[in-house]
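A.B. asks:
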Amino acid sequence: MGILKKGCSAWHHTRRAALILACLTLAGCAQLPSPESRLQTAQSLAHQAGWARLELGSAPLQLVGYGPTPVSGTSHLTVYIEGDGFAWRSRARPSQDPTPINPIGLKLALRHPSGAAVYLARPCMYQRGPTTSCKDPAYWTQKRFSKDVINVTQQAIEQLKHHYQVDTLSLVGYSGGAALATLVAAQRSDVSQLITVAGNLDTHGWIAHHRLTPIDGPNPIDNASALAELSQWHFVGEKDAIIPPRLTHGFVQAIPQPHQVQIITVPGFTHHCCWVDHWQALYPNT
Numbered sequence: 051m052g053i054l055k056k057g058c059s060a061w062h063h064t065r066r067a068a069l070i071l072a073c074l075t076l077a078g079c080a081q082l083p084s085p086e087s088r089l090q091t092a093q094s095l096a097h098q099a100g101w102a103r104l105e106l107g108s109a110p111l112q113l114v115g116y117g118p119t120p121v122s123g124t125s126h127l128t129v130y131i132e133g134d135g136f137a138w139r140s141r142a143r144p145s146q147d148p149t150p151i152n153p154i155g156l157k158l159a160l161r162h163p164s165g166a167a168v169y170l171a172r173p174c175m176y177q178r179g180p181t182t183s184c185k186d187p188a189y190w191t192q193k194r195f196s197k198d199v200i201n202v203t204q205q206a207i208e209q210l211k212h213h214y215q216v217d218t219l220s221l222v223g224y225s226g227g228a229a230l231a232t233l234v235a236a237q238r239s240d241v242s243q244l245i246t247v248a249g250n251l252d253t254h255g256w257i258a259h260h261r262l263t264p265i266d267g268p269n270p271i272d273n274a275s276a277l278a279e280l281s282q283w284h285f286v287g288e289k290d291a292i293i294p295p296r297l298t299h300g301f302v303q304a305i306p307q308p309h310q311v312q313i314i315t316v317p318g319f320t321h322h323c324c325w326v327d328h329w330q331a332l333y334p335n336t
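Under my numbering, think of the first position of the sequence shown as 51, with each following residue one higher.
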């Protein structure tokens, strides 16, 4: 398919987890923009860079991307995968639309320093109107790393390869998008580089740390050994309270002889700050 242009302690932990989820999705406590407003924000950012909307995947799951006009002579493409977006309104209540309020993955893609790059959103983000495939919140909560989501992401990446006529890929994942990028890379032979930014590379460890409900799908850290020969750069915010740096270190420790793996801990950075502003300087020069 081608591209179409309850005691005190329990209360404390519940409240803490709810605040973490709110921060993860809202990146602050500002008034919640509507899905239409969030879509318009992304389209405006993409339009300013001359990027167009890309319809990817296939029913029952379709994905949205943004990218530049293909240029002949390009053989390598960098694909940026968005984070979890606005997945939850509260600890027990999923959002009705996971479109990001602050699309950090898109902003990173738009600041890609050189070479061809494209942005890939997660299931049900940036959809225009209600669709059958996007009525089930499980696709951005319980099943966000499930085999169905991995498969449709693989399909979308194949479509992007065909659209841009490239042979090799770099995958860049932000936050939860890093988990998906890692799971995808473990199944491909055309990925030459994996880059994660504030990435969730141990979903089970993350769930345990925040005392959240377990989710479906494979855990990236269980695929670490399959990535031993892949060039990897994992960026960690020193003050990231959402994805503790120790989880990233645990992922790297699970790789046998990780000679091609780098962990870059950035002083003062959090989960959201200040990746976008400094991305061009941080991006690996390989």
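Backbone N, C-alpha and C fix where the C-beta goes; we use that ideal spot for every residue, glycine too. Just so you know, these numbers come straight off a predicted model, no measurement behind them.
Taking 7 Å as the limit between beta carbons, can you name the residues of its chain near I305, skipping five residues before and five after?
C.D. replies: Sequence index remark: in the sequence shown, residue 305 carries index 255 (1-based). Within the same chain, I305 has close Cβ partners A274, S275, L277, A278, V311.
A.B. asks: Do you know how far the Cα of Y214 is from the Cα of S122?
C.D. replies: Numbered from 1 along the sequence shown, position 72 holds the residue referred to as residue 122. Numbered from 1 along the sequence shown, position 164 holds the residue referred to as residue 214. Roughly 8 Å separates the two Cα atoms.
A.B. asks: Could you give the distance in angstroms between the alpha-carbon of Y116 and the alpha-carbon of L332?
C.D. replies: Position 66 of the sequence shown, counted from the start, is the residue given in the question as residue 116. Position 282 of the sequence shown, counted from the start, is the residue given in the question as residue 332. Looking at the two C-alpha atoms, the distance is approximately 22 Å.
A.B. asks: Considering only residues of the same chain and omitting the five flanking positions on each side of H309, which have a CB-CB separation below 7 Å?
C.D. replies: As a working mapping, residue 309 is identified with position 259 in the sequence shown. Closer than 7 Å at the Cβ level, and outside the excluded window around H309, lies no residue.
A.B. asks: Would you call T75 buried or exposed, if buried means 16 or more other Cβ atoms sit within 10 Å of its Cβ?
C.D. replies: As a first step, residue 75 must be located in the sequence shown, where it is residue number 25. Note that T75 scores a pLDDT of 44, beneath 50, so its modelled location is shaky and nothing firm can be said.
A.B. asks: Mark S220 as exposed unless 16 or more other C-beta atoms lie within 10 angstroms of its C-beta, in which case mark it buried.
C.D. replies: Within the sequence shown, the letter at position 170 stands for residue 220. Its Cβ being crowded by 16 or more others within 10 Å, S220 is buried.
A.B. asks: Please name the residue or residues paired with L297 in a DSSP beta bridge.
C.D. replies: Here the question's residue 297 lines up with position 247 in the sequence shown. BP columns for L297 are empty, so no partner.
A.B. asks: Look at A248 and W325 and say whether their C-beta atoms are less than 9 Å apart.
C.D. replies: As a first step, residue 248 is located in the sequence shown; it is residue number 198 there, counting from the start. As a first step, residue 325 is located in the sequence shown; it is residue number 275 there, counting from the start. Yes. Within cutoff.
A.B. asks: Would you check if the stretch 234–245 and the stretch 138–153 touch, i.e. whether three or more CB-CB distances between them fall below 8 Å?
C.D. replies: no
A.B. asks: In three-state DSSP terms, what is E288?
C.D. replies: Taking the sequence shown and counting its residues from 1, one reaches residue 288 at position 238. Coil, per DSSP.
A.B. asks: According to DSSP, simplified to helix, strand and coil, what is I151?
C.D. replies: Residue mapping note: residue 151 aligns to position 101 of the sequence shown, counting from 1. It is coil, neither helix nor strand.
A.B. asks: Just list the alpha helix (DSSP H) runs in the stretch 154–230, keeping only unbroken ones of 4 residues or longer that don't cross its boundaries, in chain order.
C.D. replies: 154–160, 197–214
A.B. asks: For Q312, write down the residues that DSSP places opposite it in a beta bridge.
C.D. replies: Here residue 312 corresponds to residue number 262 of the sequence shown, with the count starting at 1. W283, per the DSSP bridge assignment.
A.B. asks: Does the stretch 240–258 come into contact with the stretch 197–206, if we say contact requires no fewer than three beta-carbon pairs (one atom in each stretch) closer than 8 Å?
C.D. replies: The answer is no - the stretch 197–206 does not touch the stretch 240–258, with fewer than three Cβ pairs under 8 Å.
A.B. asks: Suppose the cutoff is 8 Å on Cβ atoms and the five residues either side in sequence are ignored; what does the same chain contact list for P295 look like?
C.D. replies: Mapped onto the sequence shown, residue 295 falls at position 245. Excluding residues within five positions, the ones whose Cβ falls inside 8 Å are V286, G287, E288, T315.
A.B. asks: When DSSP labels each residue in this structure, what does A102 get in the three-state scheme?
C.D. replies: Residue 102 sits at position 52 when you count from the first residue of the sequence shown. Of the three classes helix, strand and coil, the one that applies to A102 here is strand, per DSSP.
A.B. asks: Looking at L156: is its Cβ nearer than 9 Å to the Cβ of Y130?
C.D. replies: Taking the first residue of the sequence shown as 1, we reach residue 156 at position 106. Taking the first residue of the sequence shown as 1, we reach residue 130 at position 80. Closer than 9 Å, so yes.
A.B. asks: Given a cut-off of 9 Å on the beta-carbon distance, is the pair A171 and P118 in contact?
C.D. replies: If you number the sequence shown from 1, residue 171 lands on position 121. If you number the sequence shown from 1, residue 118 lands on position 68. Going by C-beta atoms, A171 is not nearer than 9 Å to P118.
A.B. asks: For a test of the three-state rule: what should DSSP assign to P144, helix, strand or coil?
C.D. replies: As a position in the sequence shown, residue 144 is number 94, starting the count at 1. Looking at P144 - three-state DSSP - the assignment turns out to be strand.
A.B. asks: Would DSSP call L251 helix, strand or coil?
C.D. replies: For the purposes of this step, residue 251 is taken as residue 201 along the sequence shown, with counting starting at 1. In the three-state reduction of the DSSP assignment, L251 falls in the coil class, being assigned neither a helical nor a strand state.
A.B. asks: Can you tell me the Cβ-Cβ gap for H321 and N152, rounded? I've got them flagged as a contact below 8 Å.
C.D. replies: By 1-based counting over the sequence shown, the position of residue 321 is 271. By 1-based counting over the sequence shown, the position of residue 152 is 102. N152 and H321 do not touch by the CB rule: their CB atoms are close to 11 Å apart, not below 8 Å.
A.B. asks: Please classify V121: does DSSP put it in a helix, a strand, or coil?
C.D. replies: Here residue 121 refers to the residue found at position 71 when the sequence shown is read from its first residue. Correct three-state label for V121: coil.
A.B. asks: Quickly, what does DSSP pair G115 with across the bridge? List them, please.
C.D. replies: As a first step, residue 115 must be located in the sequence shown, where it is residue number 65. The partner list for G115 (beta bridge, DSSP) reads L104, L170.
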